[in-house]
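In my numbering, the protein residues as written are 29 to 351.
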Ligand code: PBG
């Protein structure tokens, strides 16, 4: 029935009417807070390109986790910034590495907090690439072995889930197989399945000190022009044993979030990355957007597109706004 019988504005009149028919819910339970852990003691270093984000040594990290848990956010994603780097990224799979120690400390202090670990070599390699470099290229199959070693070491430390972000072929299958063999069949894999070679990672590379020394990541991360390929990546990862498939970045790739969800029906995560965060912070700082409204709108759009969980640097702040 067209106008004048149908007036969609009738249900927009009051907040309680709007609340009754709201299609998308955004709550702290959907959010995952990324955290950077550094070697050393009593360290709390602000990241210049990411206002509000700091790098923490372990005891400070545990204190931050207390605040995060109090905000209602139940999950964190850990990134390590080691004291030393080398060609094969050995800090990534060191039992006494910065992430492994942080996981043990976090799980001891906050057994109920879900601790997910980023599994990648780029923060640990001297050249900043996500794997082992041979003849100027990241060697896929050698890298997969090192990633599996890394994932196992995180599981041994007590990680609740591992999240490979390297984009090597076959890494999910190998990690799944080795986790099962080593007695960790219950540890889920949150696969960064469709991770694009994006300019929006700039601030993160600042925070993690992981800018590649030569070349770029286009030989392993996805071409921003492709969406069908993202569905193939997600399907392959699910066949190899992924429990959650992730799309990254989020807001410039909402169509990809939608497609992956529709094609697979699997749990989907989306990563609202550093550049998406820092752009909002920068505009808000200049008074150009209302930060709270803009950030919540961006996060709601990611849920509306089909994401179940959202990794976002806004998690703790957004949770406070939502409560
Ligand atoms: C590393 C990794 C990156 C991010 C998450 N894991 C950076 C990259 O691929 O260069 C980016 C996250 C962000 O920008 O917030 N494998």
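Where is the CB? At the ideal position from N, CA and C, for every residue including glycine.
Do you know how far the Cα of residue 205 is from the Cα of residue 241?
-> Approximately 32 Å between the Cα atoms of the pair.
Compute every distance between the C-beta of residue 166 and the non-hydrogen atoms of the ligand PBG, then say whether any falls below 7 Å.
-> no
From the DSSP output, which residues share a beta bridge with residue 83?
-> 64 and 73
Verify the contact flag: residue 85, CB atom, against every heavy atom of the ligand PBG, threshold strictly below 7 Å.
-> No, the Cβ of residue 85 stays beyond 7 Å of every heavy atom of the ligand PBG.
Can you tell me whether DSSP reads residue 248 as helix, strand or coil?
-> coil
Contact test: residue 303 Cβ vs the ligand PBG heavy atom, cutoff 7 Å = yes
Just the C-alpha distance for residue 249 and residue 37, rounded to the nearest angstrom, thanks.
-> Residue 249 and residue 37: Cα-Cα distance of roughly 44 Å.
Cβ-heavy atom distance, residue 245 to the ligand PBG, below 7 Å = yes
If you draw a straight line from the C-alpha of residue 322 to the C-alpha of residue 350, how long is it?
-> 13 Å
Roughly how many angstroms separate the alpha carbons of residue 336 and residue 101, rounded to a whole number?
-> 14 Å
Give, in chain order, every unbroken run of the alpha helix (DSSP H) that is at least 4 residues long and sits entirely within the stretch 270-316.
-> 282-292 and 302-313
How about residue 303 and residue 227: are their beta carbons less than 8 Å apart?
-> yes
From residue 143 to residue 33, what distance separates their C-alpha atoms?
-> So the alpha carbons of these two residues sit roughly 53 Å apart.
With 16 other CB atoms within 10 Å as the buried threshold, where does residue 232 fall?
-> buried
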